[in-house]
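Numbering (UniProt numbering), first residue to last: 1 to 368. All C-beta atoms, glycine included, are put in the ideal place defined by N, C-alpha and C. Remember, it's a predicted structure, so these values are computed and weren't measured experimentally.
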């Protein structure tokens with residue numbers, strides 16, 4: 001009997017301990033679950049607080065941004081009104097000079113002072129560049145895209161034969177089947193004449209000159225070639241003329257503009273008593289039509305050449321263009337000048353286009 005009781009009690013206690021272990025494991029699992037739930041809910045409350053704070057900060061930033069945006073728009077609107085007012089005021093006060101007035105001294109002179117000279121290179125070419133952009137920017141969409149080359153001789157109606165030619169204006173347009181940047185770079189190299197093999201260095205007063213070539217009695221002395229600015233002296237020994245050529249390159253996303261200026265006066269290189277100096281301005285615009293098509297447009301205005309004694313005679317001007325002056329008729333002489341100038345322009349365009357295409361073709365073949 002005692003053994004049966006002991007076995008019973010032992011079994012009962014074993015089952016009791018097993019029940020207690022199961023209860024403890026269940027309680028432990030419930031505690032772990034509740035701890036995780038507490039952590040999740042605490043994190044959610046913290047995130048909600050952070051989101052509320054973030055939303056509050058964003059609302060403040062948005063209000064500040066909207067206020068700043070309104071202020072900037074007001075500033076732009078006020079500046080635009082001011083600029084339009086100033087433009088209208090200057091337009092009313094400005095008097096556009098006629099061609100016979102030639103270029104004013106300020107618009108065609110380089111000073112000897114280094115600082116004034118440095119800014120003069122840029123100011124003079126900026127004027128030409130903005131004129132080119134304004135004129136071609138106002139062109140109509142129906143403008144002809146055909147190739148053309150034209151010369152117009154502007155005569156002074158009431159003047160003597162020594163002041164007969166007010167200006168000679170030439171314009172040309174052509175389409176080049178190469179990329180606009182390649183065309184502009186190649187044309188700049190043509191102007192800068194980097195590929196000449198007979199370059200020599202001569203030390204002369206005021207600057208270091210580079211003799212880049214002598215062709216058909218023409219001597220070219222490069223005074224400055226700095227990045228996008230080129231300044232050269234051209235001496236025509238045949239006609240004893242001295243030309244001061246200032247060229248600057250402007251690179252834009254879809255076009256490249258060359259601003260050209262033929263200076264009338266340079267204090268560093270004054271005109272000699274026997275020399276003749278042509279002067280004027282012009283530009284060349286190379287505009288992208290497609291990736292491999294470029295529209296080339298050029299314009300040049302040459303005023304009456306000057307000497308130390310004043311303007312050039314009509315006979316000497318005619319000789320510069322290879323025209324024979326008429327003994328009695330000024331109009332015939334002007335017509336001959338226009339004819340020879342037109343012929344010279346066509347020859348120049350032919351040689352320039354051929355040289356440009358040859359170089360571009362060579363470059364494209366080397367790139368393959």
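- With 16 or more other CB atoms across the displayed protein chains lying within 10 angstroms of its CB, residue 305 is buried.
- In the DSSP assignment, residue 350 falls within the unbroken alpha helix (DSSP H) covering 330 to 367.
- For residue 320, the enclosing alpha helix (DSSP H) stretches over residues 314 to 320.
- When 127, 233, 225, 109 are compared, the shortest CA-CA separation from residue 219 is found for 233.
- With fewer than 16 other Cβ atoms inside 10 Å of its own Cβ, residue 73 counts as exposed.
- Per DSSP, the unbroken beta strand (DSSP E) holding residue 286 starts and ends at 277 to 290.
- In the three-state DSSP reduction, residue 149 falls in the strand class (E or B).
- Between the segment 284 to 302 and the segment 178 to 189, the count of Cβ pairs shorter than 8 Å is three or higher; the stretches touch.
- Within the DSSP bridge table, the entry for residue 249 names 258 as partners.
- Straight-line measurement puts the Cα of residue 294 at about 31 Å from the Cα of residue 223.
- Apart from the 5 residues on each side of it in sequence, residue 120 sits with its Cβ closer than 7 Å to the Cβ of 110, 111 in its chain, given in chain order.
- Using a C-beta cut-off of 8 Å, the segment 148 to 155 makes no contact with the segment 254 to 263, since fewer than three inter-stretch Cβ pairs fall below that distance.
- The C-beta distance from residue 300 to residue 239 rounds to 18 Å, too long to fall under 8 Å, and the pair is not in contact.
- In the displayed model, residue 224 falls within a strand according to three-state DSSP.
- The continuous beta strand (DSSP E) containing residue 300 extends over residues 293 to 307.
- With respect to the C-alpha of residue 136, the residue from 297, 27, 53 having the closest C-alpha is 297.
- With a threshold of 16 other beta carbon atoms within 10 Å, residue 30 falls short and is exposed.
- The straight-line gap separating the alpha-carbon atoms of residue 264 and residue 278 is approximately 7 Å.
- Remark: C-beta atoms of residue 225 and residue 192 approach each other more closely than 7 Å.
- In the three-state reduction of the DSSP assignment, residue 34 falls in the helix class.
- Under DSSP, residue 167 takes part in a beta bridge, and its partners are 154, 303.
- With contacts defined as CB atoms closer than 7 Å, residue 231 and residue 246 qualify as a contacting pair.
- A direct Cα-to-Cα measurement between residue 318 and residue 330 gives close to 11 Å.
- In the same chain as residue 124, and ignoring 5 residues on each side of it, the C-beta atoms closer than 6 Å to its own belong to 261, in chain order.
- For residue 231, DSSP records a beta bridge to 224, 246.
- Exposure of residue 81 is indicated by the presence of fewer than 16 other C-beta atoms within 10 angstroms of its C-beta.
- Here DSSP, grouped into helix, strand and coil, assigns residue 68 to helix.
- Comparing C-alpha distances from residue 344 to each of 323, 360, 186 shows the shortest one belongs to 323.
- Using a Cβ distance threshold of 7 Å, residue 332 and residue 326 count as a contacting pair.
- A direct Cα-to-Cα measurement between residue 14 and residue 28 gives close to 21 Å.
- Distance from residue 172 to residue 62 at the Cβ level is roughly 56 Å; contact not present, criterion being Cβ atoms closer than 8 Å.
- With 16 or more other Cβ atoms inside 10 Å of its own Cβ, residue 128 counts as buried.
- Excluding sequence positions up to five before and after residue 271, its CB lies within less than 8 Å of the CB of 242, 265, 277, 306, 307, 308, all in the same chain and listed in chain order.
- The shortest CA-to-CA distance from residue 334 to any of 362, 68, 168 is the one to 168.
- Beta-bridge analysis with DSSP links residue 45 to no other residue.
- Setting aside the 5 residues that flank it on each side, residue 50 has no residue in the same chain whose C-beta is closer than 8 Å to its C-beta.
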